[in-house]
Amino acid sequence: MSGNSIGVLFKVTTWGESHGPATGAVVEGCPPGIDLEEEDIQKALNRRRPGRIASSSPRKEEDAVKILSGTFQGKTTGTPISLIIHNTNVDSSAYEDIKDIFRPGHGDFTYFKKYGIRDYRGGGRASGRETAARVAAGVVAGKIISREGMEVIAYTKSLGGIAIKLENMEAQEITRENIGESRLMCPDADAAEKMEAKLEEARRIGDSLGGIVEIIVRGCPAGLGDPVFDKMDADLAKALMSIGTVKGVEIGAGFTVAEMAGSEANDPITTDGFLSNHAGGILAGITTGEEIVIRIACKPIPSISKVQKSIDVQGMPVELSIKGRHDVSVIPRIIPVCEAMANIVLADHLLRQKAIV
Ligand SMILES: Cc1cc2nc3c(=O)[nH]c(=O)nc-3n(C[C@H](O)[C@H](O)[C@H](O)COP(=O)(O)O)c2cc1C
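Here it is in structure tokens:
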């Protein structure tokens, strides 16, 4: 199975299944001399861990990370960094009943069609569990970009159709502080309360919800991104789209540009800089130095207890109600994963830019 790595000069490979002994990442290309301790990674993993809110999976994973290689006396050495997270709270019993059935919306059908064999326990490699490894690797990438003053912040923009309103927010801007206070990583407290109620209702009726996450990159210099196939927007879109449940990616004004005239869509350039940012910080695949703004659309979690129609491996029709420990929405758990993927793409392009100038 190829397709487990991302990046050119800064390269991340993840491995492991949901109900296997462990999951992890190998990070290649990290410069030497960067402070890196297990606690740094642990903090980020704790933000992704289930249990932050009642509607997240009741799987109680410690997500304790171990650095197996690539550091010495708390600093990176420039050699491959290997990170391991043991799966300690595995319960595969709920999957026995559906081991020969394809869950609608999940990867069961397509993995079976592709490989003819699949680890049905917990979704195997297609599980949200795989994203723990991305978050761990993303911390290493975050350290590289933060040395250059770059920061990635992601937050809940909408959930189950309830959207945040900037005018409702005291600060009227997105900061790590006003997101950090919210269990849903949503900076509008009023909207967050409504979202929590909606999640609770979905859980009660055995259903699930989707939403939109916005990712903002601040402090990114102009000039990152390699045209034509490795454009910054193309690489960010690929990295974010590679996360389970992500069905759409928008950069800057996104789909609304289709309704604008050129005179509205273009960001005027003055001696003081750009007057607007419909481009979302990227032109011709290269960063402009403005904020990079990306939104992703996440579909509802596929595993629901509401009765659904499907087929089994013999092609016979079945009706199923999925048991087990599932999230009601991928939000907020996907948010640290989005930050990690953006960190990884930015770190790679930063190192690539340094290689040519
Ligand atoms: C952090 C995270 C947690 C997830 N939790 C669950 C879950 O509890 N149950 C489930 O069925 N899918 C869960 N998913 C979604 C599946 O992994 C995803 O829907 C599946 O791999 C199919 O891929 P697709 O939705 O991109 O088509 C989660 C995804 C992420 C990123």
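Counting from 1, position 147 in the sequence shown corresponds to residue 164 in the numbering used here; the numbering is continuous, with no gaps. Here a beta-carbon is modelled for each residue, glycine too, at the ideal position from N, C-alpha and C. The structure displayed is predicted, hence computed values, not measured ones.
**Prompt:** Cβ of ILE318 within 7 Å of any heavy atom in ligand 1?
**Reply:** yes
**Message:** Given the structure, does VAL230 come close to ligand 1, in the sense that its CB is under 7 Å from one of the ligand's heavy atoms?
**Reply:** no
**Secondary structure of VAL345, DSSP reduced to three states** = coil
**Request:** Would you identify the three-state DSSP class for VAL362, choosing helix, strand or coil?
**Result:** helix
**Message:** For a test of your reading of the model: does the CB of VAL156 fall under 7 Å from any non-hydrogen atom of ligand 1? Yes or no.
**Reply:** no
**Item:** Per-residue burial, ARG200 [other beta carbons within 10 Å of its own, 16 or more giving buried]
**Value:** exposed
**Message:** Give me, in chain order, the residues of the same chain whose beta-carbon lies closer than 7 Å to that of ALA372; leave out the 5 immediate sequence neighbours on both sides.
**Reply:** LEU26
**Item:** Three-state secondary structure assigned by DSSP to GLY297
**Value:** DSSP places GLY297 outside both helix and strand once states are collapsed to three, so it counts as coil.
**Asked** Starting from ARG64 and walking both ways along the alpha helix (DSSP H), at which residues does that stretch end?
**Response** 55-65
**Item:** Option in ASN195, PRO67 and SER86 with minimal Cα separation from GLU78
**Value:** PRO67
**Message:** Any heavy atom of ligand 1 closer than 7 Å to the beta-carbon of VAL347?
**Reply:** yes
**Request:** Within its chain, find whatever has a CB closer than 8 Å to the CB of GLU217; leave out the 5 residues flanking it on each side and keep chain order.
**Result:** ALA71 and SER72
**Message:** Please identify the residue among ALA214, ALA154, ILE351 and LEU300 whose C-alpha is closest to the C-alpha of LYS248.
**Reply:** LEU300
**Asked** Going by the CB atoms, is the gap between LYS28 and SER22 shorter than 8 Å?
**Response** In contact: SER22 and LYS28 (Cβ atoms closer than 8 Å).
**Request:** Could you tell me which of ILE101, LEU363 and THR93 sits nearest to ILE303, measuring between CA atoms?
**Result:** LEU363
**Prompt:** Can SER144 be considered in contact with ligand 1, in the sense that its beta carbon sits closer than 7 Å to one or more heavy atoms?
**Reply:** yes
**Prompt:** Is it right to say ALA81 is buried, meaning 16 or more other beta carbons lie within 10 angstroms of its own, or is it exposed?
**Reply:** exposed
**Message:** What residue range does the alpha helix (DSSP H) around SER110 cover?
**Reply:** In the DSSP annotation of this structure, the continuous segment of the alpha helix (DSSP H) that includes SER110 starts and ends at 110-113.
**Request:** Measure the Cβ-Cβ separation of LYS326 and PRO334 and say whether it is below 8 Å.
**Result:** yes
**Request:** Determine which residues share a DSSP beta bridge with VAL44 and list them.
**Result:** VAL29 and ILE98
**Request:** Please go through the same chain and pick out, in chain order, the residues whose beta-carbon is closer than 7 Å to the beta-carbon of PRO121, but skip the five residues on each side of it.
**Result:** PRO319, GLN325 and SER327
**Asked** Under the criterion of a Cβ to heavy atom distance below 7 Å, does GLY261 qualify as lining ligand 1?
**Response** yes
**Message:** Between the stretch 218-227 and the stretch 83-93, can you find at least three pairs of beta-carbon atoms closer than 8 Å?
**Reply:** no
**Prompt:** Any heavy atom of ligand 1 closer than 7 Å to the CB of VAL152?
**Reply:** no
**Counterpart residues of LEU337 in DSSP-defined beta bridges** = GLN325
**Message:** So VAL234 and GLU165 are supposed to be a Cβ contact under 8 Å. How far apart are they, rounded?
**Reply:** About 12 Å separates the two Cβ atoms, so there is no contact after all.
**Asked** Does DSSP put PHE291 in a helix, a strand or coil?
**Response** strand
**Asked** When the distance is taken between beta carbons, is VAL169 closer than 8 Å to GLY314?
**Response** Per the sequence presented here, residue 314 reads as Ala, with Gly not at that position. It is not a contact, given that the beta carbons lie outside the stated cut-off.
**Prompt:** Which value, in whole angstroms, describes the spacing of the CA atoms of GLY145 and SER35?
**Reply:** 8 Å
**Prompt:** Cβ of VAL354 within 7 Å of any heavy atom in ligand 1?
**Reply:** yes
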